[in-house]
Amino acid sequence: MTPNHALFRRLFAISNIRVDTYDFLPDAKSAYPFVHIGENNGSDSPNKDLFGRIRQTVHLYGLRTDRANLDDISAYLESEVKRAHDGYDYHLYHVETSKQIIPDNTDVQPLLHIVLDFTFDYTKKEN
Numbered sequence: 158m159t160p161n162h163a164l165f166r167r168l169f170a171i172s173n174i175r176v177d178t179y180d181f182l183p184d185a186k187s188a189y190p191f192v193h194i195g196e197n198n199g200s201d202s203p204n205k206d207l208f209g210r211i212r213q214t215v216h217l218y219g220l221r222t223d224r225a226n227l228d229d230i231s232a233y234l235e236s237e238v239k240r241a242h243d244g245y246d247y248h249l250y251h252v253e254t255s256k257q258i259i260p261d262n263t264d265v266q267p268l269l270h271i272v273l274d275f276t277f278d279y280t281k282k283e284n
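Note that our numbering has the sequence shown beginning at 158, numbered continuously upward.
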């Protein structure tokens, strides 16, 4: 398993405990709020040991009138992600989180789109 996929799976599991979570943008019939585990990228530094840095973007969508609940979900994700040290075959070390809140008027109902960008350093576990 790649480090990117390990982080994706870990964040998906964390998010799915609290809110409906998808690895794709669901159709219009889906209930708000929901999380979409989106883009990721990374770079490794092959050496004697495999280590590197990975980034995962998490999108949280909800009704604008549900801002307090969205903030609670966002705070939960940010808090739990900082505790995520085990990524299957990798040790994960949270480096930073950046957060952006975007008003979204693309749906019939006004939405809030919260974008969380998580950055982790990782090392490969020894067998």
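All residues carry an ideal CB built from backbone N, CA and C; glycine is no exception.
Nearest to I259 by alpha-carbon distance, out of H216, D229, V238, is H216. Residue state for D274 is assigned as strand, using DSSP reduced to three classes. Taking C-beta atoms as the reference points, L273 and K256 count as a pair closer than 7 Å.
Scanning A188, G244, D229 for the CA closest to the CA of D278 turns up G244. A225 has its alpha-carbon roughly 31 Å from the corresponding atom of H162. Between K281 and L207 the beta-carbon gap is near 4 Å, inside 8 Å, which marks them as a contact.
A straight line joining the alpha-carbon of D264 with that of S187 spans about 12 Å.
In this model, Y189 and N204 are separated by some 45 Å (Cα to Cα). For the 7 Å CB-CB criterion, E196 and T214 form a contact. In this model, T254 and D246 are separated by some 22 Å (Cα to Cα).
Between the alpha carbons of N198 and F191 lies a gap of roughly 22 Å.
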